[in-house]
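Worksheet: the structure to be examined is printed underneath.
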Amino acid sequence: MTQIITTSNFKSNARTALDDKNLQKALTHVERGFIGKRRSAMDALPEFDQLRDNARDIKNHTLENLDLYLEAYEEKVTKSGGKVHWAADAEEARNQILKICRDVGAKTVTKGKSMIAEEIGINDFLEENKIEPIETDLGEYIIQLRGETPSHIIAPAVHVLKEQVEEDFRRVHTHLPEARNLEEPESLLDEARKVLREKFLNADVGITGANFLIAETGTSVIVTNEGNGDLTQILPKVHIVLASIEKITPTLEDVSQILRVLARSATGQDMSVYTTFSTGPRREGDPDGPEEYHVILLDNGRSNMIGSEFQDMLRCIRCGSCMNHCPVYHAVGGHAYGWVYPGPMGAVLTPSLMGIKDGGQLPNASTFCGRCEAVCPMRIPLPKMMRSWREREFEKHLNPSLQRWGLKAWAYFAKRPKLYHLAMSFAIPVLSKIGWKKGRIKSLPFAGGWTKYRDLPAPESRTFQQQWAQREALKQEAK
Amino acid sequence: MMSSRDAILGKIRSVTAAGGDDSKRHEAVEDRLLNHPSGTIPARAQLKPKAQIELFCQQAEAVQTSVGHVKSYASVPKAVADYLREHNLPAEFRMGMDERLNDLSWDKAGALEVKSGPSDGNDLIGVSHAFGGIAETGTLLMLSGEDNPTTVNFLPETHIVVLKAGDIVGDYEALWSEVRTKFGAGEMPRTVNWVTGPSRSGDIQQTMLLGAHGPRSLHIIVVDG
Ligand code: SF4
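Structure, rendered in structure tokens:
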């Protein structure tokens, strides 16, 4: 699986995605699978919005004191017998992991789901160094077999249909009888369970991510439904936790506040099945657990975001809710975003981490309908930050001139609500002329078409529509 | 050359400590770590003990866990034997050294073969004792160690967990304070597992299916006495 970064090709990626029939079918599962469930979980907890405020405040406080909490965390990990490795960038993290693996002569490494692992491209690197990485989350396992990257941060194989999983299992699990029935999803799950059980028991090193790192106790926390993360971290001799610096959270109580909004926002569960708190290696008298416990603390551009207008993005707990509710994501899926982080959170995070030149097209992948911010459990102002990136991109003249012109018009109208409402009424006929259809998004701004949402768009999105109307009209004239 | 540690901390500090006098920040951080304020505790879990036990069972059942009740520890072996028979499972299981379970007369409850120690992946059934239960979401809290090895929570296909009714609390925070009482402030055992239902996956077409990598079924025996 070679990780190719195609972030700057959002436009053509999106076009390809819109023509992909399997993908379009698979994407209907995003809306069916997530939106209603989140809604009911939220409705069942009257304190949900209060907890969101608390979660935001906890993370803000942590980020304002991140240096102190990181130090407190490190001290605790060391005291419990673990080791913290600080990695400034992806390369340093990869080398630290390789060294730990080599020190124990590791041949195979099982992996729990980790977006940071994707971010640093650890699988390719281990393979190049003759160590076999094995993904154990069912979704991650499926895409590893397919040689793909995740298309969603909590449902990595959301773009794959059941029939495709069956094909992949038949292609790879050649030691199993050909005539076996794999029609039902249950039989696929069962087969994966059996195949991976062997791998769990034989792995030398287990790598997991972390949803939180707790400063009070030096603890790493993982949240899963399958239990794969747990088997990854308790069976091998060595447990490596791969986490970025903003995962720090002060106390057990603080983590419990945030956990109350995490699963509800992600899958609509009140709580995920397994929430596991790990502190250091196996203790005296422990009959199981790893003998070594390492934490790779990755920066990779995040410390630059502290104090910047994108600091709020560091509150993100990777619940996936923003993409589950994003009309652009629904239309093109995650791969079109070209790197590890898709959807609205990716549109802000990717340019923050990779720079505006590579990631700068992503903030345009938005209709500015405002739903992402409305559902974000950490109350991250995603549209505002996407706009900031767009303005920066504009200033740097990285965009084609027409687009800049559009942005100028957009800015003009955005500042004058009355005028823009008036302009809107003129724009509607133009929109219908260029294929503004009811229902699903048929195409995207950058794919040369137009977008439409099911709900009434938020005011700020109208100004964006306006911009596009102007731009499209100009294009027509230019032809 | 500056270490990555110093470089990262230095970069952060150049912003966070820009105000000059840093003592306020230090105070705030120390205070939070020491006093760990609770935040918002959902009202739904703030009940009388009996109602808390009921809520716990309801919530556990809502996530596909089965729940049984016994009057005292002495009845646990029979409850386990009955469960295994009803589900056509062999009368043989893996269990740690927890006294509350080890001291029971398993042999009187039929031909129950008890294997001691951690699981090596060849056990169909595991039996554990929980540290506590959280009514809010029907969540079990399990501690690692010789008494209840973590592998028993994850490797067997069927996991039977014994829970004392008196160890059921309303919310997560209430159990954290008991963990602190047991291990000391700021200290944790190697592994704390919150378990909310049997293992599942939604990775095939976003449909939740039970029995991914962990147990396919989870049964809780609440000891009421
Ligand atoms: S930005 Fe918000 S909604 Fe999106 S993944 Fe992060 S926390 Fe979830």
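Heads up: the sequence lines are chains B and L, in that order. Heads up: the first sequence begins at 1 in the numbering used here, then just goes up one per residue. Heads up: the second sequence begins at 1001 in the numbering used here, then just goes up one per residue. Don't be surprised by glycine CBs; every beta carbon is placed ideally from N, CA and C. Just so we're clear, the structure is a prediction, and the values are computed from it rather than from any experiment.
### Query
Is residue 89 of chain B closer than 7 Å to residue 1008 of chain L when the C-beta atoms are compared?
To locate residue 1008 of chain L, count along the second sequence from 1; it is residue 8. To locate residue 89 of chain B, count along the first sequence from 1; it is residue 89. No; because the gap between Cβ atoms is not below 7 Å, this pair is not in contact.
### Contact under 7 Å by Cβ, residue 1117 of chain L with residue 287 of chain B
Translated into positions along the second sequence, residue 1117 of chain L becomes position 117. Translated into positions along the first sequence, residue 287 of chain B becomes position 287. Going by C-beta atoms, residue 1117 of chain L is nearer than 7 Å to residue 287 of chain B.
### Query
Using the beta-carbon count (16 or more within 10 Å), is residue 194 of chain B buried or exposed?
The count along the first sequence starts at 1 and reaches residue 194 of chain B at position 194. Answer is exposed; the Cβ neighbour count stays below 16.
### Task
With a 10 Å radius around its C-beta and 16 neighbouring C-beta atoms as the bar for buried, classify residue 1034 of chain L as buried or exposed.
In the second sequence, the residue the question calls residue 1034 of chain L occupies position 34. Around the CB of residue 1034 of chain L, fewer than 16 other CB atoms lie within 10 Å, so the residue is classed as exposed.
### Task
Give the interface partners of residue 1118 of chain L over in chain B, defined as CB-CB distance under 7 Å, in chain order.
Numbered from its first residue, the second sequence carries residue 1118 of chain L at position 118. Those are 287, 288, listed as they occur along chain B.
### Contacts around residue 375 of chain B, its chain only, beta-carbon distance under 6 Å, and the 5 residues preceding and following it disregarded
As a working note, residue 375 of chain B is residue 375 in the first sequence. Short of 6 Å from the beta carbon of residue 375 of chain B, and not among the five residues preceding or following it, lie these beta carbons of its own chain, in chain order: 321, 325.
### Query
How is the alpha helix (DSSP H) around residue 1092 of chain L delimited, first residue to last?
Position 92 of the second sequence holds residue 1092 of chain L. It is not in any alpha helix (DSSP H) - residue 1092 of chain L instead sits in the beta strand (DSSP E) that spans 1092-1095.
### Message
For residue 226 of chain B, tell me which candidate among L:1109, L:1154, L:1019, L:1101 has the shortest Cα-Cα distance.
### Response
Indexing the first sequence from 1 puts residue 226 of chain B at position 226. The candidate whose alpha carbon is nearest that of residue 226 of chain B is L:1154.
#### Entry: Residues that residue 483 of chain B bridges to, as DSSP identifies them
Because chain B in this structure spans residues 1 to 479, residue 483 of chain B falls outside the shown range and cannot be described.
### Query
Residues in its own chain within less than 7 Å of residue 270 of chain B by CB, not counting five upstream and five downstream?
On the first sequence, residue 270 of chain B is found 270 positions in, with the first residue counted as 1. Excluding sequence neighbours, residue 270 of chain B sits near 41, 263, 264.
#### Entry: Where residue 86 of chain B meets chain L, residues with beta-carbon distance less than 9 Å
On the first sequence, residue 86 of chain B is found 86 positions in, with the first residue counted as 1. The answer, in chain order, is 1003, 1004, 1005, 1006, 1007, 1008, 1009.
### Query
So which residues of chain B does residue 1186 of chain L contact, with C-beta pairs closer than 8 Å?
Numbered from its first residue, the second sequence carries residue 1186 of chain L at position 186. Simply 76, 216, 217.
### Task
List the residues of chain L whose Cβ lies closer than 7 Å to the Cβ of residue 486 of chain B, in chain order.
This structure cannot settle anything about residue 486 of chain B, because the visible part of chain B is limited to 1 through 479.
### Message
Between residue 176 of chain B and chain L, is any beta-carbon pair separated by less than 7 Å?
### Response
Working through the first sequence from its first residue, we reach residue 176 of chain B at position 176. Taking Cβ atoms only, chain L never reaches closer than 7 Å to residue 176 of chain B, which makes this a no.
### Message
On the criterion of 16 or more Cβ atoms from any shown chain inside 10 Å, does residue 303 of chain B qualify as buried, or is it exposed?
### Response
Counted from its first residue, the first sequence places residue 303 of chain B at position 303. Its Cβ being crowded by 16 or more others within 10 Å, residue 303 of chain B is buried.
### Task
With 7 Å as the threshold, decide whether the Cβ of residue 185 of chain B is near any Cβ in chain L.
Start at 1 with the first residue of the first sequence, and residue 185 of chain B comes out as number 185. With 7 Å as the cut-off, residue 185 of chain B counts as an interface residue toward chain L.
#### Entry: Per-residue contacts from residue 1206 of chain L into chain B (C-beta, under 8 Å)
What you label residue 1206 of chain L is simply residue 206 of the second sequence in a count that begins at 1. Correct list: 29, 30, 32, 33, 34, 155, 158.
### Query
When burial is assigned at 16 or more other CB atoms within 10 Å of the CB, is residue 1188 of chain L buried or exposed?
Indexing the second sequence from 1 puts residue 1188 of chain L at position 188. Buried, because 16 or more other Cβ atoms sit within 10 Å of the Cβ of residue 1188 of chain L.
### Task
Starting from residue 1160 of chain L, find everything on chain B with Cβ-Cβ shorter than 8 Å and list it in chain order.
Translated into positions along the second sequence, residue 1160 of chain L becomes position 160. Scanning chain B for C-beta atoms nearer than 8 Å to the C-beta of residue 1160 of chain L yields nothing, as the closest lies near 16 Å away.
### Query
residue 232 of chain B and residue 206 of chain B: beta carbons closer than 7 Å?
The residue you call residue 232 of chain B lines up with position 232 of the first sequence. The residue you call residue 206 of chain B lines up with position 206 of the first sequence. Cβ distance < 7 Å, so residue 232 of chain B and residue 206 of chain B count as in contact.
### Task
Counting only runs of 3+ residues fully inside the segment 1106-1188 of chain L, write out the beta strand (DSSP E) ranges in chain order.
Qualifying beta strand (DSSP E) stretches, in chain order: 1113-1116, 1125-1129, 1132-1134, 1139-1143, 1158-1164.
### Query
Residues in the segment 239-251 of chain B with C-beta within 8 Å of chain L's C-beta atoms, listed in sequence order?
Residues of the segment 239-251 of chain B with a C-beta atom less than 8 Å from some C-beta of chain L are 245, 250, 251, listed in chain order.
### Task
Note down the Cα distance separating residue 152 of chain B from residue 1020 of chain L, rounded to an integer number of angstroms.
For the purposes of this step, residue 152 of chain B is taken as the residue at position 152 of the first sequence. For the purposes of this step, residue 1020 of chain L is taken as the residue at position 20 of the second sequence. Rounded to the nearest whole angstrom, the CA to CA distance from residue 152 of chain B to residue 1020 of chain L is 42 Å.
### Message
Residues of chain B with CB closer than 8 Å to the CB of residue 1093 of chain L, please, in chain order.
### Response
Numbered from 1 along the second sequence, position 93 holds the residue referred to as residue 1093 of chain L. Per Cβ cutoff of 8 Å: no residues; residue 1093 of chain L is ~16 Å from chain B at best.
### Query
Within the present structure, is the beta-carbon of residue 321 of chain B separated from the nearest heavy atom of the ligand SF4 by less than 6 Å?
In the first sequence, the residue the question calls residue 321 of chain B occupies position 321. A distance criterion of 6 Å places the beta-carbon of residue 321 of chain B in contact range of the ligand SF4, judged by its closest non-hydrogen atom.
#### Entry: Three-way DSSP call (helix, strand, coil) for residue 449 of chain B in this model
Within the first sequence, numbered from 1, the residue matching residue 449 of chain B stands at position 449. For residue 449 of chain B, the predicted structure reports a pLDDT of 30, less than 50, and the residue's modelled location is therefore unreliable. A value from the coordinates is still provided. In the structure shown, the three-state DSSP call for residue 449 of chain B is coil.
### Task
Return the residues of the segment 1141-1158 of chain L that lie within a Cβ-Cβ distance of less than 7 Å from chain B, sorted by chain order.
Residues 1144, 1145, 1146, 1149, 1150, 1151, 1154.
### residue 1078 of chain L, enclosing alpha helix (DSSP H) - first and last residue
The residue labelled residue 1078 of chain L in the question sits at position 78 within the second sequence. From DSSP, the alpha helix (DSSP H) with residue 1078 of chain L extends over 1076-1086.
### Query
Is the shortest distance between the beta-carbon of residue 390 of chain B and the beta-carbons of chain L less than 7 Å?
Here the question's residue 390 of chain B lines up with position 390 in the first sequence. It does not; no Cβ of chain L falls within 7 Å.
### Message
At a cut-off of 6 Å, would you count residue 318 of chain B as near the ligand SF4, judging by its Cβ distance to the nearest heavy atom?
### Response
Taking the first residue of the first sequence as position 1, residue 318 of chain B is located at position 318. Indeed, a heavy atom of the ligand SF4 lies less than 6 Å from the Cβ.
### Task
Pull up the DSSP beta-bridge partners for residue 243 of chain B, would you.
Your numbering for residue 243 of chain B matches position 243 in the first sequence. Residue 243 of chain B is bridged to B:297.
#### Entry: Cα-Cα separation between residue 17 of chain B and residue 331 of chain B, rounded to whole angstroms
Translated into the one-based positions of the first sequence, residue 17 of chain B becomes position 17. Translated into the one-based positions of the first sequence, residue 331 of chain B becomes position 331. The straight-line gap from Cα to Cα measures roughly 8 Å.
### Query
Mind checking residue 44 of chain B: buried by the 16 CB within 10 Å criterion, or exposed?
Here residue 44 of chain B is taken as the residue at index 44 of the first sequence, counted from 1. Classification for residue 44 of chain B: exposed.
### Message
Is residue 380 of chain B a contact residue of the ligand SF4, with contact defined as CB to any heavy atom under 6 Å?
### Response
Position 380 of the first sequence, counted from the start, is the residue given in the question as residue 380 of chain B. Yes - the ligand SF4 has a heavy atom lying nearer than 6 Å to the Cβ of residue 380 of chain B.
### Task
Report yes or no: is there a C-beta of chain B within less than 7 Å of the C-beta of residue 1012 of chain L?
In the second sequence, the residue the question calls residue 1012 of chain L occupies position 12. At a cut-off of 7 Å between beta carbons, residue 1012 of chain L contacts chain B.
### Query
Nearest chain B C-beta to residue 1066 of chain L closer than 7 Å, yes or no?
Mapped onto the second sequence, residue 1066 of chain L falls at position 66. Judged by the 7 Å Cβ criterion, residue 1066 of chain L is not in contact with chain B.
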